[in-house]
Structures are given as structure tokens and as C-alpha cells.
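Enquirer: Below is the structure I would like to discuss, written out as C-alpha cells.
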Amino acid sequence: MLKTFQGRVIAAGDVTAEAVVTRNGFNTLASMQMMFIQPKTKCVDQSNPDLYNKILGGRALCLPQTIGSTTGGMFLFSAVESGKAPACLLFSKDIDSLAAAGAVLSDVFSKNKMPVVDRLGDEFLDFVKDGDRITVKSDGTVQVLR
Amino acid sequence: MELTKEQQALLDGERGETMAKVMETLVRYGEIFGAEKMAPVTNEYGHLVLSFGLSFLGPVFDLYQKLIDDGCVAGQKFTCDPRPYDPAVPQNPLQKLVAKAVFGKQKRYEGQLKELGILNDDSYTCTCYLDELGNTPKQGDVLSWAESSAVVYANSVLGARCNRNSGIIELFGSVAGYVPVFGLLTDEGRKADWIVELRTETLPDAQLLGSAVGMKAMEDVPYIRGLDRFLGTELNDDAKTYLKDFGAATASNGAVGLYHIENLTPEAKEQGEGLIRENAKVYVIDEAELQRVKDSYPCIWKNPNAKPQLCFLGCPHMTLRQLEDWTDKVEQGLKEAGNEKVLIPTVFTASMPVIKAFNATPYAGRLRKTGVVLSFICPLMYMDNPLCKTMNVITSSNKLRTYTSARYYSNEEILEKITKEGK
């Protein structure tokens, strides 16, 4: 089954990756603070049962928005620049200010790319499941293959 | 976005490629949220969230070095979040060794902060807005700050205007001298999406109430009714201290950047219910709801019945009044139980200026006698040490609980544990 969604481009790029999904707010610091001592970035946020202990690095992270500490964008930038970040960030809602900062900082200053799309709609987050094959296009099209 | 001639010149590279990229970042960041213009930063000082030289944040330090090398330093001085390491805080030799490795870039980073414009060597705290620090914005001031607990306090209690900026973005605002106008910088963005009806019989623990509100409102603005029954209608020291802790929990357990307290915070006093949007959602909080929220916190200790190894109070950093009150409480608790010193190693944290003020009072000697350690450390960073991460730490900070394995208890429960129960 293939379903296509259209969102707004925050940071353009083409990528294909396996989905990992949270329906709770993604706390960037709480989730990714151990990423640099992990071979693959894993979520360590005890408060997020959707993601706890799951691999985030190289995955298509599908989320409503990010929450928590204002170090969030900085951690995202460091993750992108170090090659430890998710392959892309796909927001069902409008992107929040912390994630937006990380997305733009990475796009302007990093040698690595992390496509970011927001406004994909609640239907996107209702549909997508862990393990789905996600393809992101630079025009903000997101294909979900199951 | 419509830019002034000066702003356009920065974007066009008049002050070099790096400054142009700083401006490009701010413009793109603002445009995502519909900003149509930039506003000058009006508060005297900035505030940065990154205070720790974590070895793995190399990309950030490399970026900051590029700013320094290319002359893109802050046009305003700034304060900064707390330092990550203090030898006074209990650590075994191995933990100390690992802390030195984890924060291996601390010296380099503090050197960078001096070049970028940190106010002085005592400017490391998350409570920069306290009188002892002097970074206290006026109502209506436009800020370029990060640190979620400081931003929510500045917006809500002081009536300043600041978005929930990320680290790096806040420095960029201080460097460029402008921030994009959207969200909490606008009148419309400061209106309430939620009405919180507080119906408890007594004043709830600040960080439990803040957690409940944060988890419900997320990034929205809540208007809270019923809290003035307990806090009164004047922003005195007790009210401000309560709101400091309440706000930190709303910002970390959710993403609240501004709240209004009916009859108490500046905009709520001026505008009242005019701040509430049409069709605002309603969230009722009573004792049962607070208990539900508290019971929802997972305990990730390997042995949930293990004896606590350490207790942290002061995330965000404590005020002078809190230190004095807690000295009285700990002394009294120990006396009632017939104990001389706290039964669990306990650390109170506060900014250096507050610690200096406290040390000039008779309370300092009394607190020392109870065995409590007073430190300027950031408890969260203490627990970022992989060898401290798995320690059984207890705290009354819902912020610390959110970001670490620390276990939350109310202030009253903490007092019982450290002075009487020891477990």
C-alpha cells in the first residue's frame, strides 16, 4: 500500500528511510542526550513510550512537534553535523521553534543534510507506522509505503 | 520579510559572509512562523542556554569559533546557564574522571564565552532574572534568550517578550541585534488557548502543577484561574519563587513559553479575560488530577525500592529566600527525628551571587551543620555523566525528572526522606 502526503518544506532534500513514529511530543534533549556514546542514536526519553529505546539515527522520524529544553535546536544541529541525526523529520503539525532552529541552522551551516517537512496533517500521523518505508521529495511530498 | 536598510545590509554581507549566514538563519527561522519584520533587541543583556563544554558538542564550538574569528561577537553582554561541574558535589573518583572527559571542552568553551561577551565569571545560572544577577528585563522588553525556564519566567512574570528560542539562535539574535517578530513577540501570540481552572483545597506543589499544565497545554498559552487564592494578587518574593518553579515545569514537561495567572501576572492584571481566545479549551485541575499526573511518572530505577544515593534541590536554581526557608525546614525536620545530619547526601543549587549573599547570613553555617552541600552546579549536567546517570537520585524538580532518571517527590516528601526516613 502506498499513500502520499503533501507538507511544507522547511529544509529541502530527497531521502528514503524507515519510519519511526511518536504521537507524543518529541523531547529532543531527553531523547537524544546519549547519542554521542551510542553506535546508533537511540531514544533515551523515559517519558515517551512510543520511542523509548528505539533507534532514531538514520530513520524517518514522524512526530507532531518537539518539546522540552531550549537546547533542542542545538542538539539537532550537532546531531546533523556529526552524522547522528534522523534521516529526516516529518511533522504532522506546524513545526515548533526549537526544531525549526535546528532545521535551519543545519541547512545553513552543516555539510550534512536533514530534510524537514511540516504540516503533513493529523492523517499522516494516524496512518504512518514504525517500519514503513518513507520517501521524502524536495518539494515536500512524503510517500509512505507499507 | 521586510527588512530595514541596516538589516538588509547584514544579510547582503556588508559585515562578511558569516554575519550574512547569521542573518539568513534568523530570517528563515522567522519566516517559518510568518514573521514580516525583525525587531531590535531592547533588553540590556542576553541569556544563553549552553553552559557546558560537552566533548561531543564539537560542531557547536566550531561554529562559535567561526563567529569569533569572523568578528561576529555579541553586541550585548549576556548571562549563561549553570556550569556542569563542581568538585563540592559528591562524586566518586571514577565519576570525577569521567566528568572531566565528558566536559572536556569546558575550558575552551568558557574562553569562547569571554570572547563572545559573557557578563562576568559569576554569570552562570538558569535564574539570571533574580535581583542578585541583575539580568532582569522590564515589561515590554524584547529579548534574545534561550533556557526554557528563564524564557517562560521573563514572559510571564516580568511581561518581557521572547520566543522559546533554541540555543545558538539566541546568540545569533544577540550578535545581529535583531530578532524576528512572531509568536510571543506579538499581542496575538500572547493570548491564551487554554483556561486552567485550579480547584484544589490547598496550594499544589509548584512543579507538580506546572507539570500537569505543561503536559496539557504543550506549546499553547494557558490562563490560570484559582491560583491567586493562594498566591495573592501581588508579585512578592513568595509568589515569584513559586512561579519560577511552576514555570520551569510547564516549559520542560510541555513547551509552554508564556502563562497568565489571573489577577497576578502583569498582563493578566492589565487585560484580564481579554487575554483569552474565543473557544479556549478548559482544563480542570483538582487533587485527583494532580495525583493522576504524579502516578503517570515512570520510575526507571533498576530497583524501585533502592535507597536514594543523592538528592538535588534547585532546578531551576534556588532563590535566597528558598535557601533560608529550606535551612529552617531541614533543621526542624532533623530535630523532630533526633538526627544531626541529613540521611541522604543532599545538594542545594543556586547561582554564585545568591550563594555569596547566603554565605553572608547566619543561615550558611546552620545549613552546613545539617550536612547539606551548597553548589552552583547544574543538576541536569551532573547527571549527564554516564556514571551518574544510573544513580538513584531524588528531586522535587519536575524538570530534572523529565531529562534524567531522577525520581520526583513533592517538597514535603523530600523533606521527610532527607531528614527522617533516609529511604
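Read top to bottom, the protein sequences are chains C and D. Each step along the first sequence adds one to the number in my numbering, with nothing skipped, and position 128 is 180. Each step along the second sequence adds one to the number in my numbering, with nothing skipped, and position 172 is 389. For glycine and all other residues, C-beta sits at the position ideal for the given N, C-alpha and C. Treat the numbers as computed from the prediction; the structure is a model and nothing was measured.
(1) For the region 222-253 of chain D, enumerate the residues whose C-beta is nearer than 8 Å to any C-beta of chain C, in chain order.
(2) Between methionine 435 of chain D and chain C, is there a C-beta pair that is closer than 8 Å?
(3) On the three-state DSSP scale, how would you describe lysine 637 of chain D?
(4) Taking 8 Å as the CB-CB cut-off, is glycine 471 of chain D touching chain C?
(5) Here's the rule I'm using: 16 or more other beta-carbon atoms within 10 Å means buried, otherwise exposed. How should aspartate 174 of chain C be labelled?
(6) Per DSSP, what kind of secondary structure is leucine 150 of chain C in: helix, strand or coil?
(7) Are the C-beta atoms of alanine 137 of chain C and some chain D residue less than 8 Å apart?
(8) Classify cysteine 343 of chain D as helix, strand or coil using the three-state DSSP reduction.
(9) Out of D:Leu527, D:Pro579, D:Ala429 and D:Phe295, which has the shortest C-alpha to C-alpha gap to leucine 333 of chain D?
(10) Name the chain C residues that come within less than 8 Å of serine 622 of chain D, Cβ to Cβ?
(11) Tell me, please, whether the region 264-279 of chain D touches the region 593-606 of chain D by the rule of three or more beta-carbon pairs shorter than 8 Å.
(12) Using a Cβ cut-off of 7 Å, pull out every chain D residue sitting near glycine 125 of chain C, in sequence order please.
(13) What does the Cβ neighbour count give for aspartate 66 of chain C, buried or exposed, with the cut at 16 atoms within 10 Å?
(14) Considering only their Cβ atoms, is the gap separating threonine 68 of chain C from isoleucine 147 of chain C smaller than 8 Å?
(15) What does a CB cutoff of less than 6 Å around leucine 584 of chain D pick up in its chain, not counting 5 residues either side in sequence?
(16) Do the region 454-469 of chain D and the region 361-371 of chain D meet, that is, are 3 or more Cβ pairs less than 8 Å apart?
(17) Using a Cβ-Cβ distance cut-off of 8 Å, determine whether glycine 109 of chain C contacts chain D.
(18) Tell me which residue opens and which closes the alpha helix (DSSP H) that glutamine 488 of chain D is part of.
(19) What beta strand (DSSP E) runs, 3 residues minimum, are completely inside the region 76-118 of chain C?
(20) Between which residues of its own chain and isoleucine 107 of chain C is the CB-CB distance below 6 Å, once the five residues before and five after are set aside?
(21) Return the first residue and the last residue of the alpha helix (DSSP H) that glutamine 526 of chain D is part of.
(22) Could you work out which residues of chain D lie near alanine 112 of chain C, taking near to mean beta carbons separated by less than 8 Å?
(23) Less than 8 Å between the CB atoms is what I'm expecting for leucine 492 of chain D and lysine 408 of chain D, so what's the real figure, rounded?
(24) Which runs of the alpha helix (DSSP H), 4 residues or longer, sit entirely within the region 296-382 of chain D?
(25) Please compile the residues from chain C whose C-beta is within a distance smaller than 9 Å of the C-beta of asparagine 380 of chain D.
(26) Taking one C-beta from the region 55-63 of chain C and one from the region 166-181 of chain C each time, how about it: are there three or more such pairs within less than 8 Å?
(27) For glycine 400 of chain D, would you say it is in contact with chain C, using Cβ-to-Cβ distances shorter than 8 Å as the test?
(28) Where does phenylalanine 399 of chain D sit, in a helix, a strand or coil, going by DSSP?
(29) What residue from D:Asp298, D:Ser361, D:Ala523 and D:Gly321 has the CA that sits closest to aspartate 338 of chain D's CA?
(30) Give the residues from the region 601-631 of chain D that approach chain C closer than 9 Å (Cβ to any Cβ), ordered along the chain.
(31) If distances are taken between C-alpha atoms only, which option among C:Ser121, C:Gly135 and C:Gln98 comes closest to glutamine 90 of chain C?
(32) Could you tell me if glutamine 225 of chain D is buried or exposed, where buried requires 16 or more neighbouring beta carbons within 10 angstroms of its beta carbon?
(33) Please state the DSSP three-state secondary structure of leucine 492 of chain D.
(34) At 4 residues or longer, what runs of the alpha helix (DSSP H) sit wholly inside the region 415-441 of chain D?
(35) Whose CA, out of D:Gly376, D:Lys606 and D:Ser622, lies closest to the CA of glutamine 308 of chain D?
(36) Is the region 585-595 of chain D in contact with the region 535-552 of chain D, if contact means three or more CB pairs nearer than 8 Å?
Expert: So, to answer that:
(1) Lys238, Glu241, Thr242, Arg245, Tyr246, Ile249 and Phe250
(2) yes
(3) helix
(4) yes
(5) exposed
(6) helix
(7) no
(8) coil
(9) D:Phe295
(10) Gln98
(11) yes
(12) Ser383, Gly384, Ile385 and Ile386
(13) exposed
(14) no
(15) Thr544
(16) yes
(17) no
(18) 483-488
(19) 112-115
(20) Lys92 and Lys94
(21) Here glutamine 526 of chain D belongs to no alpha helix (DSSP H), and DSSP marks it neither H nor E.
(22) Per Cβ cutoff of 8 Å: no residues; alanine 112 of chain C is ~20 Å from chain D at best.
(23) 6 Å
(24) 310-319, 323-333 and 365-373
(25) Ser149
(26) yes
(27) yes
(28) coil
(29) D:Asp298
(30) Asp601, Pro603, Lys606, Lys616, Arg618, Thr619, Tyr620, Thr621 and Ser622
(31) C:Gly135
(32) exposed
(33) helix
(34) 423-434
(35) D:Lys606
(36) yes
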